[in-house]
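Residue numbers (our numbering): 1 to 132. Beta carbons are placed, not taken as given, at the ideal position from N, Cα and C, and that holds for glycine. Keep in mind it's a predicted model, so treat the numbers as computed, not measured. Worksheet for the structure shown next.
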């Protein structure tokens, strides 16, 4: 295959022959680096969400707050509160506790409303540092 022209990118190369057929060759090291950085970024997002969510869950014995870190597989993209009564306290309880501060009903939704933009900015900064 005699080359008419070729274009090189960090992701790979494109070769076009004289008869007009094109061939793409992927750069495996770039693909591996991209996937590794994506996995690191997901772990970072999960850790930030856990860190910011802990002050919002109800705290009688502290079991909910501790169970977030213990039951979440960082990098999976799912944050779990691993106590059986968490759903009841977070979504089904009808009373409002005075002087509870940040803690109370709908902890995740309130955390996202309060800290969502801050988390996004921190994740964007971390992503830029990873991809230098």
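Spatial neighbours of residue 43 within its chain, please: CB distance less than 6 Å, with the 5 preceding and 5 following residues excluded, ordered by chain position.
In the chain shown, the residue the question calls residue 43 occupies position 43. Contacts found: 74 and 75.
Would you please state the rounded distance, in angstroms, between the beta carbons of residue 53 and residue 68? I believe it to be under 8 Å.
Numbered from 1 along the chain shown, position 53 holds the residue referred to as residue 53. Numbered from 1 along the chain shown, position 68 holds the residue referred to as residue 68. Going by Cβ atoms, the distance from residue 53 to residue 68 rounds to 6 Å, so yes, they are a contact pair.
Taking Cβ to Cβ, would you say residue 110 is nearer than 7 Å to residue 58?
Position 110 of the chain shown, counted from the first residue, corresponds to residue 110. Position 58 of the chain shown, counted from the first residue, corresponds to residue 58. No, the Cβ-Cβ distance between residue 110 and residue 58 is not below 7 Å.
Quick check on the burial criterion: 16 or more other C-beta atoms within 10 angstroms. Buried or exposed for residue 64?
Residue numbering aside, residue 64 sits at position 64 when the chain shown is read from its first letter. It counts as buried.
Burial state of residue 56, where buried means 16 or more other Cβ atoms lie within 10 Å:
Stepping through the chain shown from its first residue, residue 56 is reached at position 56. By the Cβ neighbour-count rule, residue 56 is buried, with 16 or more other Cβ atoms within 10 Å of its own.
Rounded to whole angstroms, what is the Cα-Cα separation between residue 107 and residue 118?
As a first step, residue 107 is located in the chain shown; it is residue number 107 there, counting from the start. As a first step, residue 118 is located in the chain shown; it is residue number 118 there, counting from the start. Cα atoms of residue 107 and residue 118: separation of roughly 17 Å, rounded to the nearest angstrom.
Say the cut is 6 Å; is the CB of residue 59 nearer than that to a heavy atom of the ligand PLP?
In the structure on display, the ligand PLP does not appear, and there are no ligands present to speak of.
State the start and end residues of the unbroken beta strand (DSSP E) segment that holds residue 81.
Translated into the one-based positions of the chain shown, residue 81 becomes position 81. Premise fails: residue 81 is in no beta strand (DSSP E) and is neither H nor E.
Spatial neighbours of residue 27 within its chain, please: C-beta separation below 7 Å, excluding the five flanking residues on both sides.
Position 27 of the chain shown, counting from 1, holds the residue named residue 27. Within the same chain, residue 27 has close Cβ partners 10, 11 and 12.
Please specify which runs of the beta strand (DSSP E), each continuous and at least 3 residues long, are wholly inside the region 5 to 47, giving them in chain order.
Listed in chain order, they are 12 to 17 and 22 to 26.
Which one of 32, 61 and 36 has the shortest CA to CA distance from residue 85?
Position 85 of the chain shown, counted from the first residue, corresponds to residue 85. Here the closest residue by C-alpha is 61.
With residue 126 as the anchor, note down where its alpha helix (DSSP H) starts and where it stops.
For the purposes of this step, residue 126 is taken as the residue at position 126 of the chain shown. It spans 107 to 130 - the alpha helix (DSSP H) in which residue 126 sits, taken as one unbroken run.
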